[in-house]
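To start, the structure itself, in structure tokens.
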Amino acid sequence: MAGADPERGRRLMSHYQCGSCHVIPEVQAADGRVGPSLERYARRSYIAGNLPNAPDTLARWIEAPSSLLPGTAMPDMGASTPDARDMAAYLMTLR
Numbered sequence: 024m025a026g027a028d029p030e031r032g033r034r035l036m037s038h039y040q041c042g043s044c045h046v047i048p049e050v051q052a053a054d055g056r057v058g059p060s061l062e063r064y065a066r067r068s069y070i071a072g073n074l075p076n077a078p079d080t081l082a083r084w085i086e087a088p089s090s091l092l093p094g095t096a097m098p099d100m101g102a103s104t105p106d107a108r109d110m111a112a113y114l115m116t117l118r
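Mind the numbering: the sequence shown is residues 24 to 118 in this note's numbering, read in order.
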């Protein structure tokens, strides 16, 4: 993603407490089991089993999941657009 900072995105995963629900490589205490593991995330074909896994779609998903998939269990964590882009960039490094 042009202009996105994957390292900042990794740090933001802790800030937004993504590890409360997900296992996330290289993120301290990210060992949640409610949501899917995010290990090797970039190899996935779909986000939440429905949406094509593309960086821009992933950023929109992180920012406002229910706008893309009403009724999803993924909560809206209040991520800003720049933060969501950086977190998406980090997840896309996980191969």
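For glycine and all other residues, C-beta sits at the position ideal for the given N, C-alpha and C.
Is the Cβ-Cβ distance between residue i and residue j less than 9 Å?
i, j, result
"residue 37", "residue 57", "no"
"residue 62", "residue 117", "yes"
"residue 104", "residue 91", "no"
"residue 40", "residue 100", "yes"
"residue 24", "residue 75", "no"
For residue i, is the classification buried or exposed, using 16 other Cβ atoms within 10 angstroms of its Cβ as the cut-off for buried?
i, result
"residue 66", "exposed"
"residue 112", "buried"
"residue 53", "buried"
"residue 94", "exposed"
"residue 72", "exposed"
"residue 88", "buried"
"residue 34", "exposed"
Tell me, to the nearest whole angstrom, how far the beta carbon of residue i is from that of residue j; I am working on the premise that it is less than 8 Å.
i, j, result
"residue 102", "residue 115", "With 8 Å as the limit, residue 102 and residue 115 do not qualify as a contact, their Cβ atoms being about 16 Å apart."
"residue 60", "residue 46", "4 Å"
"residue 27", "residue 83", "Contact flag wrong, Cβ pair sits at about 13 Å."
"residue 43", "residue 55", "5 Å"
Taking only runs of the alpha helix (DSSP H) that begin and end inside the segment 24 to 80, which ones reach a length of at least 4 residues, in chain order? 29 to 38
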